[in-house]
Every structure is written in structure tokens, then in C-alpha cells.
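Heads up, the thing below is written out as C-alpha cells.
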Amino acid sequence: VARTQPSALNRNIMHALSLVAASLSLASALQIEPTPAVKPLLKLRGGLGGIDAGQVATIVQGISAANAGVMSLAPKKAGEMYGVALTKWTDFFAQWSGIIMFGQVLTAYLHAGGMALPEALAWGFLPSCVASVQDFLNDRMVGEMGMGEAAKYAPPLVNLALTLGAFGKAHSLPYTSRLYLPPIPPRYLPISRAHATACKQVPNLAPELAAKAAAVWMAANGLFGYFSTAAWLEGWGGKGLSAVESGMGKLMASTMCGGAVYIAASAFRGKTALECFGAMMGMYALTSLDGLYLSKTTEAMGVEPPKVLFWAAIQAFTAAAVFL
Numbered sequence: 003v004a005r006t007q008p009s010a011l012n013r014n015i016m017h018a019l020s021l022v023a024a025s026l027s028l029a030s031a032l033q034i035e036p037t038p039a040v041k042p043l044l045k046l047r048g049g050l051g052g053i054d055a056g057q058v059a060t061i062v063q064g065i066s067a068a069n070a071g072v073m074s075l076a077p078k079k080a081g082e083m084y085g086v087a088l089t090k091w092t093d094f095f096a097q098w099s100g101i102i103m104f105g106q107v108l109t110a111y112l113h114a115g116g117m118a119l120p121e122a123l124a125w126g127f128l129p130s131c132v133a134s135v136q137d138f139l140n141d142r143m144v145g146e147m148g149m150g151e152a153a154k155y156a157p158p159l160v161n162l163a164l165t166l167g168a169f170g171k172a173h174s175l176p177y178t179s180r181l182y183l184p185p186i187p188p189r190y191l192p193i194s195r196a197h198a199t200a201c202k203q204v205p206n207l208a209p210e211l212a213a214k215a216a217a218v219w220m221a222a223n224g225l226f227g228y229f230s231t232a233a234w235l236e237g238w239g240g241k242g243l244s245a246v247e248s249g250m251g252k253l254m255a256s257t258m259c260g261g262a263v264y265i266a267a268s269a270f271r272g273k274t275a276l277e278c279f280g281a282m283m284g285m286y287a288l289t290s291l292d293g294l295y296l297s298k299t300t301e302a303m304g305v306e307p308p309k310v311l312f313w314a315a316i317q318a319f320t321a322a323a324v325f326l
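The numbering used here applies: residue 3 is where the sequence shown begins, and numbers increase by one.
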């Protein structure tokens, strides 16, 4: 009897889970000198022109949370506010960009208040966990968006694994359970071997390691999505998207880059919560200016430049208040 070939679903899910495993292995291999969980948060107080950088960060976090909340809960309203043509794809990317950014603000707020990065990150991941499980239960990715089957399973699997890891709840689980890998029928022998190899390579998912893995995972996805948006979307089954829809996809990719910058600044560089937030805002300022003047994504989307400049100014000012 001819052996059944692995389905595209299993191949794509294994690719995603293998990347998580690789992220964990890379994070485990990077030896960073231990630093205190919380440093003096206002070490840079009185930065730009004597401005209280901590106060600036708090205000900007509030503004960002409000904007992210609107995008998360009312993506169509957000599209109308910025003049973006409304489609199922723009709504999807607007909502998920808002969910990710709201989680980042929550993480930054808790981290600045003295909570250790992994726990703050876990709380910040909760909105993504809820949304990804909701999308899974409603078959949004495949039934509504027309993406590949892997897009239905990978987001909740990855979000739940990293969140539980950051909370420290996956610390003592068996390797297979730790990543919530789905059972694979014996007939898929090549996939079964890859499954076993990935399980063996996953190191002990301590909270600090989960945070590092999240940084690597978000950086890999975010950079790919930002610089090769069409290929990134096509990999998940998104084909034939308009310039507006691709631009919104690029926005979502930039939010993943922002999360990677924040986490990496703390987990790999030992920066304070304030410095992490400043670094993330600096990266967002660069992507805003890129969309306006270099890649021209903003123009292709039909968004009025002043609306983007407003955020670019806030982001750049925040970064300057922290670092200058």
C-alpha cells in the first residue's frame, strides 16, 4: 500500500512549531549575564530638556492603549478614522494590530510598575490568546478569511505555549505537552520524526527562556512580514490582496517587530522597562517614517500623511525623552 503523503496542514504546522523550537534553542544558547529583574525605573529621569521621561511614557501608554483598544474592539471604526478602505482583510489586520499593541502597552505598564518581564509579558499575551482561541472556535482563519489550514491551528498553539511558558506553567510539563503539539498519525512517518526531533530539542521552558523565545519568534515573523509582506501573507494562504490590504498586513508585522524590540531589550540586553519602551517607540517612529517617505505604504493605502505624522511625532518624542 502506498504511504500517504503528509498534508499541507501538518507541514505548515510543523514549520511553525519547529520555528518555536528553534527560537527556544537559540534563546537557550545565548548566554547573557544575569541582571536584576527590576532596575531603577527612572534612571533616565530628566532626559530631553529636563523632561520626566517616565511621565512621558505613562501618558503615551495611555494614548496608545486607547488607540489599540479602538482597533481591537471596533476595527471598522478604526479604518474609517484613518481613511482605509474597509474589507475583511483590513478589518482583520487592524484588529490584530490593535490586540498586539494593547498587549504591549499592558506589558510595559506592568513591567514599569515593578513586575518581572516574563510575568508582565504573559499578561500582555493574554489578549492574543483569547483572540486566537476565538478565531479558532469561529473558524475565522479558514472559513472567513480563506487562509490555509495551518493558520487555524498555529496562532492559538503558539500563543498559548509562550503565554504558559512566560507564566511558568509549562516549566514541568513533558516536552510534547509543553508545546501542545497535536498527535500525528503513524502513516505520516517523516512528520512524526520531525515531531520527535522538535520535542527533544525544546529546552526547559522556564519563564525567562519563554520571554527570549517570544522575542526571537516575533522578530522572525515581524521582519519577514515587514520586508516581504506578499510572501509572508501568501505563506498563510493570503493571496490576491490589494495594496491597502497588504499595507495593513505590513502594519501588523511592524507590531510584531515592536514587541520583539521591547522583549529583547530587557531579556537580552538587561535594559530597564523605561528603556525598553523607549526603544520600541523609536522603532515605531522609524516604521511610520518609512511608510511615509521610503516605502510609500501610507500613500498606497490612501491614509492622509498628517495622521501618520501625528503618531511618528509621539513615538519619536517618547524615544528622545528616554534616551537624550
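Built from N, CA and C at the ideal position, the CB exists for glycine as well.
Quick check: the Cα distance between GLY224 and ALA255, rounded to an integer number of angstroms?
As a first step, residue 224 must be located in the sequence shown, where it is residue number 222. As a first step, residue 255 must be located in the sequence shown, where it is residue number 253. Whole-angstrom Cα-Cα distance: 4 angstroms.
Tell me where the alpha helix (DSSP H) around LEU253 begins and ends.
Here the question's residue 253 lines up with position 251 in the sequence shown. Note, LEU253: alpha helix (DSSP H), 245 to 269.
Run the CB neighbour count on GLN317, radius 10 Å, all protein chains shown included, and call it buried at 16 or more, exposed below.
Residue numbering aside, residue 317 sits at position 315 when the sequence shown is read from its first letter. Counting Cβ neighbours within 10 Å, GLN317 comes out buried, since at least 16 surround it.
For PHE169 and ALA163, I'd like the C-alpha separation in whole angstroms.
By 1-based counting over the sequence shown, the position of residue 169 is 167. By 1-based counting over the sequence shown, the position of residue 163 is 161. Each residue's alpha carbon lies about 10 angstroms from the other.
Identify the continuous alpha helix (DSSP H) that holds ALA168 and give its terminal residues.
To locate residue 168, count along the sequence shown from 1; it is residue 166. From DSSP, the alpha helix (DSSP H) with ALA168 extends over 152 to 169.
Minimum C-alpha distance to SER102 - residue among GLY115, VAL132, LEU159, LEU119:
Residue 102 sits at position 100 when you count from the first residue of the sequence shown. Checking the sequence shown, residue 102 turns out to be Ile, not Ser. Ranking the options by Cα distance to ILE102, first place goes to VAL132.
On the CB-based measure, 16 or more other CB atoms within 10 Å of its CB, does LEU235 come out buried or exposed?
In the sequence shown, counting from the first residue as 1, residue 235 sits at position 233. So LEU235 counts as buried.
Using the rule of at least 16 other Cβ atoms within 10 Å of the residue's Cβ for burial, across every protein chain shown, is LEU139 buried or exposed?
Numbered from 1 along the sequence shown, position 137 holds the residue referred to as residue 139. Answer is exposed; the Cβ neighbour count stays below 16.
To the nearest angstrom, how far is the alpha carbon of ASP292 from that of GLU301?
For the purposes of this step, residue 292 is taken as residue 290 along the sequence shown, with counting starting at 1. For the purposes of this step, residue 301 is taken as residue 299 along the sequence shown, with counting starting at 1. Using only the alpha carbons, I get a separation of about 11 angstroms.
Length of the line joining the Cα atoms of TYR286 and MET258:
Here residue 286 is taken as the residue at index 284 of the sequence shown, counted from 1. Here residue 258 is taken as the residue at index 256 of the sequence shown, counted from 1. Using only the alpha carbons, I get a separation of about 11 angstroms.
Which same chain residues end up closer than 7 angstroms to LYS213 when comparing Cβ atoms and leaving out the 5 residues on each side of it in sequence?
Your numbering for residue 213 matches position 211 in the sequence shown. The question names Lys, yet the displayed sequence has Ala at residue 213. Taken in chain order, the residues that qualify are LEU119, PRO120, LEU123, ALA168, ILE265, ALA269.
Can you find the residues in the same chain that come closer than 7 angstroms, C-beta to C-beta, to PRO307, ignoring five residues on each side of it along the sequence?
Position 305 of the sequence shown holds residue 307. Excluding positions up to five away in sequence, the list reads LEU294, THR300.
Which residues bound the alpha helix (DSSP H) around VAL135?
In the sequence shown, counting from the first residue as 1, residue 135 sits at position 133. Counting along the chain, the alpha helix (DSSP H) containing VAL135 begins and ends at 119 to 139.
Opening and closing residue of the alpha helix (DSSP H) in which THR231 lies
Taking the first residue of the sequence shown as position 1, residue 231 is located at position 229. Per DSSP, THR231 belongs to the alpha helix (DSSP H) from 231 to 237.
Give the straight-line distance between the Cα atoms of LEU75 and GLN97, rounded to the nearest whole angstrom.
Translated into the one-based positions of the sequence shown, residue 75 becomes position 73. Translated into the one-based positions of the sequence shown, residue 97 becomes position 95. Using only the alpha carbons, I get a separation of about 7 angstroms.
Under 8 angstroms by Cβ, that's how I've got GLY280 and ALA221 pegged, so tell me the actual separation to the nearest angstrom.
Sequence index remark: in the sequence shown, residue 280 carries index 278 (1-based). Sequence index remark: in the sequence shown, residue 221 carries index 219 (1-based). The pair is not a contact, with the Cβ atoms about 18 angstroms apart (cut-off 8 angstroms).
DSSP state of SER290, grouped into three classes?
Within the sequence shown, residue 290 is the residue found at index 288, counting from 1. Note: SER290 maps to helix in three-state DSSP.
Between VAL324, VAL246, GLN136, which has its C-alpha nearest LYS273's C-alpha?
Start at 1 with the first residue of the sequence shown, and residue 273 comes out as number 271. The candidate whose alpha carbon is nearest that of LYS273 is VAL324.
Less than 7 angstroms separating the beta-carbons of PHE94 and PRO129?
Taking the sequence shown and counting its residues from 1, the one referred to as residue 94 is at position 92. Taking the sequence shown and counting its residues from 1, the one referred to as residue 129 is at position 127. No. Outside cutoff.
Quick one: is ASP141 buried, meaning 16 or more other Cβ sit within 10 Å of its Cβ, or exposed?
Locating residue 141 in the sequence shown gives position 139, where the first residue counts as 1. The residue in question, ASP141, is exposed, as its Cβ has fewer than 16 Cβ neighbours within 10 Å.
Once the 5 residues before and after ALA315 are set aside, which same chain residues still bring their CB inside 6 angstroms of it?
If you number the sequence shown from 1, residue 315 lands on position 313. Cβ within range, chain order: n/a, list empty.
Can you say whether GLY64 is buried or exposed, counting buried as having 16 or more other CB atoms within 10 angstroms of its CB?
Residue mapping note: residue 64 aligns to position 62 of the sequence shown, counting from 1. GLY64 is exposed by the Cβ-count criterion.
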